[in-house]
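These protein sequence lines map, in sequence, to chains F and G. Heads up: take any position in the first sequence, counting from 1, add 5, and you land on this note's numbering. Heads up: take any position in the second sequence, counting from 1, add 1, and you land on this note's numbering. Here's the structure we're looking at; comments come further down.
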Amino acid sequence: MPSLLKEEYDILIVGAGHAGCEAALACARLGLNTIMFTVSVDSIALMPCNPNVGGSSKGHLVREIDALGGEMGKNIDKTYIQSKMLNVSKGPAVHSLRAQADKKDYSQEMRNTLENTENLTIRQGEISELLVEDGKITGAKSFSGAVYYVKAVVLCTGTYLKARCIYGDVSEPTGPNGLKAANHLTDSLKSLGIEMYRFKTGTPARVDKRSIDFSKMEEQFGDKDIVPFSFSTDKKDIEKEQVSCWLTYTNEETHKIIRDNIDRSPLFSGMIEGTGPRYCPSIEDKVIKFPDKDRHQVFIEPEGLYTNEMYLGGMSSSLPEDVQYAMYKTVPGLENVKIVRNAYAIEYDCINPRQLLPTLEFKEIKGLFSGGQFNGSSGYEEAAAQGLIAGINAALEVLGREQIIIDRSEGYIGVLIDDLVTKENHEPYRMMTSRAEYRLLLRQDNADLRLSHIGHKVGLVTDEIYNKVEYKRKMIEKEVERLNNTSIGANTKIQEFLEKHNSSALKTGSNLAELIRRPELDYNMLKELDTEREELPEDIIEQININIKYEGYIKRQLKQVESFKKLEGKKLEADFDYSIVSGLRREAIQKLNLYKPLSIGQASRISGVSPADISVLLVFLEQYRHRGIKN
Amino acid sequence: MKEECARWHIPLKNFLYGDFMFKADTIAAIATAMTNSGIGIIRISGDKAIEIADKIFVSVKGKKISMVDSHTIHYGSIIYNDNIIDEVLVSVMKAPHSYTKEDVVEINCHGGVVVINKILQIVFLNGARPAEPGEFTKRAFLNGRIDLSQAEAVIDIINSKNEYALSNSVRQLRGSISEKIIKLREILLDEISFIETALDDPEHISLEGYTDKLSEVVNNAIKDIEKLIEASDNGRVITEGIKTVILGKPNAGKSSFLNALIGEERAIVTDIEGTTRDSLEENISIGGLSLKLIDTAGIRNTEDVVEKIGVKRAKELAMSADLIIYIVDSSKDLDDNDYEIMDLIKGRKYIILLNKSDLDLKVDMKKLDILDKNKIINISAKNNSGINIFEDRVKEMFCNGEIDFNNEVFITNARQKNSIINAYSSLELVKKSIEDNMPEDFYSIDLLNAYEELGMVIGEALEEDLVDNIFSKFCMGK
């Protein structure tokens, strides 16, 4: 006889990975009675792949999560073992923060936070069925038969649904790290009419540190002057001795072994059905995709402070165990390597995210939200970002408040979600800087200025933090204005200063901002000319430099955003039937009826809808709606 | 209206109207051509039209406009600061029985240009704002007032873009210009993609030495665009306008008429018949409306080989014209050549100009019976008289939808030329970024702008102000 247990909660979260944690915390912090299910309480906030958080464009996501009141940034600040700002030789738009984590510590810290959050209940168990009545979620059932009546559910199942781990011809029906897979929920979802995809991803081997010859590798240090992920972390509080990573390379011998054994890869034998990420490729993929490259990077990264396991970044694989050994041993420094855990590919069920609104609620099932790899993304940060938005919106819905949508001009989170729900996505989606068209405005350094007000309005950002951000904004504006209005004459003192800094002499009078605009000068250097200035904190100075130096570019991006906003502002009715619009091509009608975009802007990004289709739609709507008002 | 969109559980108000919210403000403009004839109509449309009329107009019979019946005309004065500005007739058309389906008041003034303008300013002072070109028509369209064919014509124009983007035949029609733009866009897109891929995968794609290559690409693209701009200045890109063909017998005064419109001696004008042997083209603007005027060799049966080709060409041109202007020498009677022309233009859009009104009328008007009498205008190209009436008639025909757009009106126009110029400026900025040693990730901002601007020329990029742009093609005051 199944369990007779029946309980009531406001919101139920399925999964305790990076998405589930953010969702659960957001709901509980907004005062809702929240229960979070995980197949294993020991695997809360598990990092089953790379031992780091952030990196190119992902670092942006973490800072945005923080600005909105999420947890990931704070958690990595507490548990990092190395921190580095990437791409500093490029423009500020692509600077990206990345920190190595002590995996165990990361997981434990997050668990600690969850366990000490009011309104939050953690339960080990598998949710096997969703209860839906009249297109509205009413509850969920666990495998044990217990029923939980709730007002909203957030699905963050990650890579666990019908998961299978594969290397060579070995296939194990488990989730990552040998954890139990969740085998029952998929059927319930399918019976609700939800369209499922099958994706795959992979991870490299973990090896024993004692078997590595580091003398053949390049040491990769952390930054001396670190930047915390969270805008509310004081860097002085988290400064610590950092550990190193190591860089080595594959070679022709490695590639030959891979090529010779490629027929033993489960991808080639057809054993793997799922589609893998193009942008996070296995070493097999890289060797085949770039036949001309004679080497690929391999980063050796510690899994934590209290373990000898090291992660072989860049060499994920699903080749058989013996081939893995053979190829790893060709890499300089890894000649005598001992594998602790094999590399493997993992296959799992996820959804076609087209079924979601940009709020991450299912279009057809009220109260059902989802985030993370379940939505077809890849990566911890992408997962956390969606989990946070899904959690916030689930909570806002239960509270009867207006939900939030971050748009493409406001944050990478907006780009991520819009891409997922609007564009055809046939592989795990990875965040990249190139996906953000307004990159120069969406910098990692200004995430607080961009998003804190939204987090504050939602209720996850405290008044204190919000006021601090607004004060910062004012200080920046004030100082930029002062610099623009402070004239300087072409006097001897100035010319000497310029000469000293290899900057061309002034021909006429100018102002301080003009000097800052020169590539060879910056705000701090001008201190001796600018006697009236107040002492300002570093983060404000950074904003002043960026705003002045790149003013022209920023203005042009703002203009692009203006056009974008106009189209986003043209709202579409969600249940509009596009087949009544004469002049639309059939493909466009079909796509628009399928995606049901919320704005002209979103409609324009659907593949198969051309600019001309949008023009037809614009004219039609203007006439249609205007008549609608009159009648 | 439904309170909630049932299926998606989101309050409907969140989805409704946004920017589409119709501006219910009141607009005004001079609805007739500004001439020195002294007569002009000021048209006011919107919720405040009647209120404004009552504020500025005092009827002789002491009636308030707000109290009178719709579709009535009232005589009285425009008063401003206790002074009489002009004696006028005011007609009232109440919503929804007006052109715009809004309250419309028209003030018929006769005090000359200065006075008309002054009254218009008074109207503005009392709460109307200047109408944008085509705004009355736009309101008529939005309110469902314009007949279906005209609304469809608007949609068709846009559809033609749709087909245009898809069909190769249209692309060929448009010739090398769009091909050049497509090519340029491909080149720019390649560079954008390369930069972006390199940013995403710095391990495998290096940007080392790339700026030199990009410089070259950008410089070449700038040169190509310069050529396009140059071409458009020569009128080769801007083939905009209603294709208007001038027909008539030799020496009927076609070239003189053309000169009267343009104001310069472009066509060779002599008193010897048949001096215009090939066709001449000229773009002119009539009240914001563009005409592509094509002067043809006179039509007559001839043995002269060169002239014969010219005549054949004239006939072909007439077949593809949006509007035909048939010039008749009114000082001579009609002959077989005229009948040939009349046959040619029957059932097409035309205006008949009885030229040489300064001389005695010799034409037997009965013989023109097979043509529409309403389309006959007396002019004297030599004395420049009647030209204004002609201009008004063309505008009227266009704004009534009698003359169709041809597709090219929409595809190539000044705004699109502007896009080409914007693309040029964006590429100049890329050049500057390279010179300034900016990091590569900055290049894409302006490269993308150039790409988008070029896309607008060929209809492959979005124009957020599309609807406004269409109606801006209509005439001011319409």
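Cβ atoms here follow ideal geometry from the backbone N, Cα and C, with glycine treated the same way. Computed from a predicted model, the values in this text were never measured in an experiment.
| Check | Outcome |
| --- | --- |
| Would you say Leu455/G faces chain F, with C-beta separation under 8 Å as the test? | no |
| Can you name the residues of chain F whose CB is closer than 7 Å to the CB of Glu209/G? | None at all; the shortest Cβ gap to chain F is about 12 Å. |
| Out of curiosity, what's the CA-to-CA distance linking Asn430/F and Gly381/F? | 8 Å |
| Going by DSSP, which residues form a beta bridge with Ile142/F? | Val137/F |
| Residues of chain F with a CB under 7 Å from the CB of Glu187/G: which are they? | The premise fails here: Glu187/G is roughly 17 Å from chain F at the closest Cβ pair, so nothing lies under 7 Å. |
| Do you know how far the Cα of Gln449/F is from the Cα of Arg103/F? | 11 Å |
| For Pro296/F and chain G, any beta-carbon pair shorter than 8 Å? | no |
| State the DSSP-derived secondary structure class of Val403/F, mapped to helix, strand or coil. | helix |
| Near Ser48/F, which residues of its chain fall below 6 Å by C-beta distance, leaving aside the five closest residues on each side in sequence? | Leu184 |
| Within this structure, are the beta carbons of Asp299/F and Lys89/F separated by less than 8 Å? | no |
| In chain order, what residues of the same chain lie with their CB nearer than 6 Å to the CB of Glu592/F, ignoring the 5 residues before and after it? | Gly613 |
| Should Thr438/F be flagged as near chain G, meaning a C-beta pair shorter than 8 Å? | yes |
| Short of 7 Å in beta carbon distance, which residues of its chain neighbour Tyr600/F, apart from the five on each side in sequence? Order them along the chain. | Arg359, Thr427 and Ile611 |
| Which residues in chain G sit within 7 Å of Tyr558/F, going by Cβ to Cβ distance? | Phe443 and Ile446 |
| Does any residue of chain G have a CB that is nearer than 8 Å to the CB of Lys95/F? | yes |
| Do you know how far the Cα of Tyr583/F is from the Cα of Leu17/G? | Confidence in Leu17/G is poor, its pLDDT being 31 and thus under 50, which makes the residue's placement unreliable; the coordinate value appears in the next sentence. Going by the C-alpha atoms only, they are around 16 Å apart. |
| Of the residues that make up the segment 612 to 628 of chain F, which ones have a beta carbon closer than 9 Å to any beta carbon in chain G? | Ser615, Pro616, Ala617, Asp618, Ile619, Ser620, Val621, Leu623, Val624, Phe625, Leu626, Glu627 and Gln628 |
| Arg413/F to Val105/G, Cα distance in whole Å? | 43 Å |
| Please state the DSSP three-state secondary structure of Pro251/G. | coil |
| Expressed to the nearest angstrom, what Euclidean distance is found between the alpha-carbon atoms of Ser256/G and Phe125/G? | 42 Å |
| Does Leu445/F pass the burial test, meaning 16 or more other C-beta atoms within 10 Å, or should it be called exposed? | buried |
| Could you tell me the distance, in whole angstroms, from the CA atom of Val115/G to the CA atom of Leu447/F? | 54 Å |
| Could you tell me whether the Cβ atoms of Leu259/G and Leu294/G are closer together than 8 Å? | yes |
| Using a Cβ-Cβ cut-off of 8 Å, state whether Leu51/F counts as contacting chain G. | no |
| Could you tell me which residues DSSP pairs with Asn84/G in its beta bridges? | Tyr81/G |
| Tell me the DSSP secondary structure of Asn212/G in three-state form. | Residue 212/G is actually Thr in this sequence, not Asn. Here Thr212/G sits in helix by DSSP. |
| Using a Cβ-Cβ cut-off of 7 Å (strictly less than) and excluding sequence neighbours within five positions of Glu131/F, which residues of its own chain qualify? | Val44, Ser147, Phe148, Ala187 and His189 |
| Which one of Ile108/G, Glu217/G, Ala129/G and Ile117/G has the shortest CA to CA distance from Val431/G? | Glu217/G |
| Taking C-beta pairs closer than 7 Å, name the residues in chain G that Val99/F reaches, listed in chain order. | Leu200 and Asp442 |
| Out of curiosity, what's the CA-to-CA distance linking Leu135/F and Glu578/F? | 28 Å |
| So for Ile217/F, helix, strand or coil by DSSP? | coil |
| Runs of 3 residues minimum, wholly inside the segment 292 to 339 of chain F: which ones carry the beta strand (DSSP E) assignment? | 302 to 307 and 314 to 318 |
| Leaving out the 5 sequence neighbours to the left and right, which residues in its chain are closer than 6 Å to Gly74/F when beta-carbon positions are compared? | Gly460, Leu465 and Val466 |
| Using a Cβ-Cβ cutoff of less than 8 Å, which residues in the same chain neighbour Ile223/G once the five nearest sequence positions on both sides are dropped? | Tyr425, Leu428, Glu429 and Lys432 |
| Between the Cα of Leu640/F and those of Gln87/F, Thr143/F, Thr118/F and Val152/F, spot the shortest distance and give me the residue it belongs to. | An answer regarding residue 640/F cannot be provided, because it is not within the stretch 6 to 636 covered by chain F. |
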